[in-house]
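Participant: Let me begin by handing over the structure; questions about it come next.
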C-alpha cells in the first residue's frame, strides 16, 4: 500500500494473536455494514511500515496497544477503540461520544489493566488470524 492510499483509509492496527483483539475485530467486521474500516495485524511488516511516520515502533510493549488511523491521525488505546465505534451505527456512535468525555487517563487506566492481562484472561493464538474470503478485501 502506498502512503497516499493511507490518506482515505480507516485502519485498526491490532495484536493478531490476542483472542480479545480478534473478538473485537470480528465484532467490528459484523457491525461495519458499509465496509469502511480496514484491519492490519501489528505483527505484519506492512503495519510496521505504515506506523513509522507516526514514530511507532512495534515491540512487545506496543502489542498491548490497539491503534486506529483516521483522517491523518493515529489514535491509541481507549481513544482508538471509541473512535472505531464512532464509525458504526447511531447507537454505537452516541455511546462512544459520551465515553470520550471521560478523561483519557481514567479510560486508559482500565484499558491498560485489561491489555496487560489479555492473554491470561482471554488466551492467545499460536498464529495471526487469517481473514475469510469475504473479509480479505478489508485486511491490509
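Residue numbers (the UniProt record's numbering): 1 to 140. In this text, a Cβ means the ideal position worked out from N, Cα and C, and glycines have one as well. Just so it is clear, the structure is predicted and the values come from calculations on it, not from any experiment.
#1: Nearest CA to the CA of residue 138: which residue from 25, 18, 7, 56?
#2: From the DSSP output, in three-state form, read off residue 18 for me.
#3: Between which two residues does the alpha helix (DSSP H) containing residue 46 stretch?
#4: Per DSSP, which residues does residue 76 bridge with? Please list them.
#5: Output needed for residue 108: all residues of its chain with C-beta closer than 7 Å, excluding positions within five of it in sequence on either side, in chain order.
#6: Go through its chain and collect everything with a Cβ distance to residue 58's Cβ below 6 Å, but skip five positions before and after it.
#7: Pull up the distance between the alpha-carbon of residue 33 and that of residue 66, whole angstroms please.
#8: Reducing DSSP to helix, strand and coil, say where residue 104 ends up.
#9: With a 10 Å radius around its C-beta and 16 neighbouring C-beta atoms as the bar for buried, classify residue 45 as buried or exposed.
#10: When the Cα atoms are used, what is the spatial distance from residue 129 to residue 114?
#11: Can you tell me whether residue 16 is buried or exposed? The criterion is at least 16 other CB atoms within 10 Å of its CB, across all chains shown.
#12: Here's the rule: buried if 16 or more other CB atoms are within 10 angstroms of the residue's CB, otherwise exposed. What is residue 83?
Facilitator: Reading from the atomic positions:
#1: Taking the first residue of the chain shown as 1, we reach residue 138 at position 138. Among 25, 18, 7, 56, the Cα nearest to that of residue 138 belongs to 25.
#2: Counting from 1 along the chain shown, the entry for residue 18 is found at position 18. Shown here, residue 18 sits in a strand according to DSSP, grouped into three states.
#3: Position 46 of the chain shown, counting from 1, holds the residue named residue 46. Here the alpha helix (DSSP H) through residue 46 covers 45-51.
#4: Reading the chain shown from its first residue, position 76 is the one you call residue 76. The beta-bridge partner set that DSSP reports for residue 76 consists of 67.
#5: Residue 108 sits at position 108 when you count from the first residue of the chain shown. Excluding positions up to five away in sequence, the list reads 77, 78.
#6: Looking up residue 58 in the chain shown gives position 58. In the same chain as residue 58, and ignoring 5 residues on each side of it, the C-beta atoms closer than 6 Å to its own belong to 42, 48, in chain order.
#7: By one-based count along the chain shown, residue 33 stands at place 33. By one-based count along the chain shown, residue 66 stands at place 66. Answer to the nearest angstrom: the Cα atoms are 21 Å apart.
#8: Translated into positions along the chain shown, residue 104 becomes position 104. Three-state result, residue 104: helix.
#9: Residue 45 sits at position 45 when you count from the first residue of the chain shown. Flag for residue 45 reads exposed.
#10: Here residue 129 refers to the residue found at position 129 of the chain shown. Here residue 114 refers to the residue found at position 114 of the chain shown. Their backbone Cα atoms lie some 20 Å apart in a straight line.
#11: Here residue 16 refers to the residue found at position 16 when the chain shown is read from its first residue. Result: buried.
#12: The residue labelled residue 83 in the question sits at position 83 within the chain shown. Residue 83 is buried by the Cβ-count criterion.
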